[in-house]
Amino acid sequence: MRQIVIVTGASRGIGAATATRAAARGYAVCVNYLRSRGAAERVVTDIRAAGGQAEAVQADVASDADVARLFETCTARLGTPTALVNNAGILETQMRIDEMDAARWQRVFATNVLGSFLCAREAVRRMSTRHGGAGGAIVNVSSGASRLGSPGEYVDYAASKGAIDTLTIGLAREVAAEGIRVNAVRPGFIYTDIHASGGEPGRVDRVKTSVPMQRGGRADEVAAAILWLLSDDASYSTGTFIDVMGGK
Ligand code: NAP
0 MRQIVIVTGA SRGIGAATAT RAAARGYAVC VNYLRSRGAA ERVVTDIRAA GGQAEAVQAD
60 VASDADVARL FETCTARLGT PTALVNNAGI LETQMRIDEM DAARWQRVFA TNVLGSFLCA
120 REAVRRMSTR HGGAGGAIVN VSSGASRLGS PGEYVDYAAS KGAIDTLTIG LAREVAAEGI
180 RVNAVRPGFI YTDIHASGGE PGRVDRVKTS VPMQRGGRAD EVAAAILWLL SDDASYSTGT
240 FIDVMGGK
């Protein structure tokens, strides 16, 4: 059966690396993005140039209507998704909790938590044997922050990833007998644009000496773990986590 994967937030960073690697493994890839249309189209162009199949679809994962449209568009252009990578995520400027406002927490939780729940729900509705589906695999992109808490930087972001860890455990057990595996990766300090959102583009180089392997990670190193969890090689693994953190 043809494998079809939706990768949220695939215009750059870990999502783009995952989309590219999935296409190389033979998946048809739905490349979701929020604003970076040009970057998403470049990911699609590169995949097609290498002989793969991909479509770029704009959607805000925090919007119920957008997520419904994302899945409908994927189904119309590529086929019913057999896999989902809940990758889209944001963080905001580094600060302590006593400096944060409620609007920020609503933004961070809307994208990171609500977005993952909405996409997971749409995936289960299509993949679950309970709903007549053929099964599938979901990988949630959590963060080492869920274990470390990100004090002084973004405890809100870390807590949102804690919610993703719990979603992974609960949903995995909920749908384990319905043909769907649900797992997560927890990246550590990875070289992507996300750190600029925190106000420190060079953050990975500042903190890398705290990593046992003494370096930051690459997006393709995270993508490799995601693709393993999606694959049949992980056929007896569900509700599990792969830390991609250089030993931290
Ligand atoms: P990134 O380079 O900032 O890319 C974020 C991606 O998410 C972009 O494609 C962006 O789309 C998309 N996005 C943001 N908000 C969205 C929304 N509401 N709807 C749809 N797409 C949205 O981030 P990254 O570092 O690759 O991070 C990817 C995931 O890994 C995130 O969940 C992040 O929390 C997690 N992670 C990253 C690190 C790290 O060190 N980099 C560590 C641990 C975990 P546009 O380009 O269109 O805005």
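0 is the number of the first residue of the sequence shown in numbering that gives the first Met the number 0; add one for each residue after it. Beta carbons: idealized from backbone N, C-alpha and C, even for Gly. Nothing here was measured: the structure is a model prediction, and the numbers come from that model.
Using the beta-carbon count (16 or more within 10 Å), is Ser152 buried or exposed? Taking the sequence shown and counting its residues from 1, one reaches residue 152 at position 153. The question names Ser, but residue 152 in the sequence shown is Glu. Result: buried.
Tyr153 CB to nearest heavy atom of the ligand NAP below 6 Å: Taking the first residue of the sequence shown as position 1, residue 153 is located at position 154. No, the Cβ of Tyr153 stays beyond 6 Å of every heavy atom of the ligand NAP.
Length of the line joining the Cα atoms of Gly12 and Ala171: Looking up residue 12 in the sequence shown gives position 13. Looking up residue 171 in the sequence shown gives position 172. Each residue's Cα considered, the two are about 26 Å apart.
Using only the alpha-carbon positions, how far apart do Phe116 and Gly88 sit? The residue labelled residue 116 in the question sits at position 117 within the sequence shown. The residue labelled residue 88 in the question sits at position 89 within the sequence shown. Going from the Cα of Phe116 to the Cα of Gly88 covers about 13 Å.
Does the beta-carbon of Pro80, which I'm using as the reference point, lie nearer than 6 Å to any heavy atom of the ligand NAP? Looking up residue 80 in the sequence shown gives position 81. No.
Just tell me which of Ala223, Val138, Ala55 has its CA closest to the CA of Val123. Counted from its first residue, the sequence shown places residue 123 at position 124. Shortest Cα-Cα distance from Val123 to any of Ala223, Val138, Ala55 involves Val138.
What residue does the beta strand (DSSP E) around Gly169 start on, and which one ends it? Position 170 of the sequence shown, counted from the start, is the residue given in the question as residue 169. No beta strand (DSSP E) contains Gly169, which is instead part of the alpha helix (DSSP H) from 154–174.
beta-carbon Phe70 near the ligand GDP non-hydrogen atom, thresh 6 Å: No copy of the ligand GDP appears in this structure; the ligands present are the ligand NAP.
Rounded to the nearest angstrom, what separates Gly14 and Asp97 at their Cα positions? Here residue 14 corresponds to residue number 15 of the sequence shown, with the count starting at 1. Here residue 97 corresponds to residue number 98 of the sequence shown, with the count starting at 1. Answer to the nearest angstrom: the Cα atoms are 32 Å apart.
Using the Cβ count rule (16 or more neighbours within 10 Å means buried), how would you classify Gly216? In the sequence shown, residue 216 corresponds to position 217, counting from 1. Answer is buried; the Cβ neighbour count reaches 16.
Indicate whether the contact test is met: 3 or more Cβ pairs, each with one atom in the stretch 71–83 and one in the stretch 52–62, closer than 8 Å. Pairwise C-beta distances place the stretch 71–83 in contact with the stretch 52–62, as three or more of them are shorter than 8 Å.
Between the alpha carbons of Ala119 and Val43, how many angstroms are there, rounded? What you label residue 119 is simply residue 120 of the sequence shown in a count that begins at 1. What you label residue 43 is simply residue 44 of the sequence shown in a count that begins at 1. Answer to the nearest angstrom: the Cα atoms are 23 Å apart.
Extract the residue ranges of the alpha helix (DSSP H) inside the stretch 175–242, only unbroken runs of 4 or more that lie entirely within it. Correct list: 193–196, 202–206, 218–229.
State yes or no: is the C-beta of Ala9 within less than 7 Å of the C-beta of Ala18? Counted from its first residue, the sequence shown places residue 9 at position 10. Counted from its first residue, the sequence shown places residue 18 at position 19. It is a contact, given that the beta carbons lie within the stated cut-off.
Here's a check: name, in chain order, each residue in its chain whose Cβ is nearer than 6 Å to the Cβ of Ile5, leaving out the five neighbours to either side. Translated into the one-based positions of the sequence shown, residue 5 becomes position 6. Closer than 6 Å at the Cβ level, and outside the excluded window around Ile5, lie Cys29, Cys73, Pro80, Leu83.
Is Gly178 near Gly134, with beta carbons less than 7 Å apart? In the sequence shown, residue 178 corresponds to position 179, counting from 1. In the sequence shown, residue 134 corresponds to position 135, counting from 1. Less than 7 Å divides the Cβ of Gly178 from the Cβ of Gly134.
Could I get the ranges of all uninterrupted alpha helix (DSSP H) runs contained in the stretch 26–110, with 4 residues as the minimum, in chain order? Within the stretch 26–110, the complete alpha helix (DSSP H) runs of at least 4 residues are 36–48, 63–76, 101–108.
What is the DSSP secondary structure of Ser135, counted as helix, strand or coil? Position 136 of the sequence shown, counted from the start, is the residue given in the question as residue 135. The residue you asked about is not Ser; residue 135 is Gly in the sequence shown. Residue state, collapsed to three classes: strand.
Would you decide whether Gly132 is buried or exposed? Buried here means 16 or more other CB atoms lie within 10 Å of its CB. Taking the sequence shown and counting its residues from 1, the one referred to as residue 132 is at position 133. Buried, because 16 or more other Cβ atoms sit within 10 Å of the Cβ of Gly132.
By how many angstroms is the C-alpha of Leu69 removed from the C-alpha of Arg205? The residue labelled residue 205 in the question sits at position 206 within the sequence shown. The residue labelled residue 69 in the question sits at position 70 within the sequence shown. Roughly 37 Å separates the two Cα atoms.
Kindly indicate the opening and closing residues of the alpha helix (DSSP H) around Val123. In the sequence shown, residue 123 corresponds to position 124, counting from 1. If you look at Val123, you'll find it in the alpha helix (DSSP H) that goes 114–126.
Do you know offhand how far Ile46's Cα is from Pro186's? The residue you call residue 46 lines up with position 47 of the sequence shown. The residue you call residue 186 lines up with position 187 of the sequence shown. Whole-angstrom Cα-Cα distance: 24 Å.
Look at the alpha carbon of Gly197 and the alpha carbon of Gln93, and state the distance between them as a whole number of angstroms. The count along the sequence shown starts at 1 and reaches residue 197 at position 198. The count along the sequence shown starts at 1 and reaches residue 93 at position 94. Between Gly197 and Gln93, the C-alpha separation is close to 5 Å.
Sequence-distant residues of its chain with Cβ nearer than 6 Å to Met244 (five each side left out): Counted from its first residue, the sequence shown places residue 244 at position 245. Excluding residues up to 5 positions away in sequence, Gly143, Gly187 lie with their Cβ nearer than 6 Å to the Cβ of Met244 in the same chain.
Alpha-carbon to alpha-carbon, Ala49 and Arg95: Taking the first residue of the sequence shown as position 1, residue 95 is located at position 96. Taking the first residue of the sequence shown as position 1, residue 49 is located at position 50. It is roughly 45 Å from the alpha-carbon of Arg95 to the alpha-carbon of Ala49.
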